[in-house]
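S.K.:
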Amino acid sequence: MITLDLILPDTRYPIHIGHGLLEQVDLLLPHLPLPKAAIVSNATVARCTCSGCNRRWKRAAWPAPA
Numbered sequence: 008m009i010t011l012d013l014i015l016p017d018t019r020y021p022i023h024i025g026h027g028l029l030e031q032v033d034l035l036l037p038h039l040p041l042p043k044a045a046i047v048s049n050a051t052v053a054r055c056t057c058s059g060c061n062r063r064w065k066r067a068a069w070p071a072p073a
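In our numbering, the protein residues as written are 8 to 73.
Below you can see the structure in the form of structure tokens.
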């Protein structure tokens, strides 16, 4: 996982990038700023990964990505 810190004039937040991160909930959750986080993808990637991903996020007691 690569983490980039985005620094803007009025806010700052990390961006985590990596192959299969949505599949690795246990690796990703400790780095998320609870209770808010966003997952950015595209339609092609979402179709390939979101069905299994939703199950993993639900088991982790975290809202599934939209």
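Yeah, the Cβ is synthetic: ideal placement off N, Cα and C, and Gly gets one too.
1) Check this for me: beta carbons of L36 and I22, under 7 angstroms apart or not?
2) Report yes if the CB atom of I24 is closer than 7 angstroms to the CB atom of I46, and no otherwise.
3) Assign L29 to one of two classes, buried (16 or more other C-beta atoms within 10 Å of its C-beta) or exposed (fewer than that).
4) Just the Cα atoms here: how many angstroms apart are G27 and D17?
5) With distances taken Cα to Cα, identify the nearest neighbour of R19 among L34, Q31, P40, D33.
M.R.: Per the coordinate set shown:
1) Inclusion of L36 and I22 in the CB contact set at 7 angstroms is not warranted, their separation being larger than that value.
2) No. Outside cutoff.
3) When all chains shown are included, L29 counts as buried.
4) Their Cα atoms are separated by approximately 31 angstroms.
5) Just measuring C-alpha positions, the residue of L34, Q31, P40, D33 sitting nearest R19 is P40.
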